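Residue numbers (the UniProt record's numbering): 1 to 164.
All C-beta atoms, glycine included, are put in the ideal place defined by N, C-alpha and C.
Because the structure is a prediction, the values reported are computed rather than measured.
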């Protein structure tokens, strides 16, 4: 694994409300971003392999075990290179993983990804594009409506929705 000497501290402390930890944010990305090769959620091994293949030019890699440690919270302080590789893989800004990243912007990213996951069908991708720029609250509302419609049409089980 190629890592820099500095670490990108991502504590899970809170100030005011509960602040999401790096593990929380990373797990959310794993829950909402689908592997285009399988159409399913990435496994740690698949994400590691995709990061390695995408980073061949610059040598950035993140091992499957490092991803597992980050997701479990056992390794809360990844290196800057690890954060950059994960951000590139999941198409988010590296700052997304840091606790001082703007809370509203962080929530917009989370809500946008949930919306995109909920409208994964290529026939409705235009809906996701039209939602661009909406507030986090509006994106949450749209996601909820889509999830309810999917359950009503029998596409998702009520006790196991596709987006959490």
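Quiz item: Of all Cβ atoms in chain B, is any one closer than 8 Å to the Cβ of residue 92?
Solution: The chain labelled as chain B is not found in the depicted structure, where only one protein chain is given.
Quiz prompt | Exposure of residue 93, with buried meaning 16 or more beta-carbon neighbours within 10 Å | solution = Here residue 93 refers to the residue found at position 93 of the chain shown. Exposed: under 16 other Cβ atoms inside 10 Å.
Quiz prompt | alpha helix (DSSP H) segments (min. 4 residues) lying fully within the UniProt domain "HTH cro/C1-type" (57 to 97) | solution = 64 to 72 and 80 to 90
Quiz item: Pick from 82, 63 and 88: whose alpha carbon is nearest that of residue 54?
Solution: The residue given as residue 54 occupies position 54 in the chain shown. Of the candidates 82, 63 and 88, the one whose C-alpha sits nearest the C-alpha of residue 54 is 88.
Quiz prompt | Expected contact under 8 Å - CB spacing of residue 98 and residue 33 to nearest Å | solution = For the purposes of this step, residue 98 is taken as residue 98 along the chain shown, with counting starting at 1. For the purposes of this step, residue 33 is taken as residue 33 along the chain shown, with counting starting at 1. Residue 98 to residue 33, Cβ: 19 Å. No contact.
Exercise. Consult DSSP for residue 40 and reduce its assignment to one of helix, strand or coil.
Key: Position 40 of the chain shown, counting from 1, holds the residue named residue 40. Correct three-state label for residue 40: coil.
Quiz item: Exposed or buried, residue 145, counting other C-beta atoms within 10 Å across all chains shown (16 or more means buried)?
Solution: Here residue 145 corresponds to residue number 145 of the chain shown, with the count starting at 1. The residue is exposed, with fewer than 16 neighbouring Cβ atoms inside 10 Å.
Quiz prompt | Distance between residue 69 and residue 12 (C-alpha atoms, nearest Å) | solution = Numbered from its first residue, the chain shown carries residue 12 at position 12. Numbered from its first residue, the chain shown carries residue 69 at position 69. Reliability of the predicted coordinates at residue 12 is poor, the pLDDT of 36 falling under 50, and the value obtained from them is presented with this limitation in mind. Their Cα atoms are separated by approximately 15 Å.
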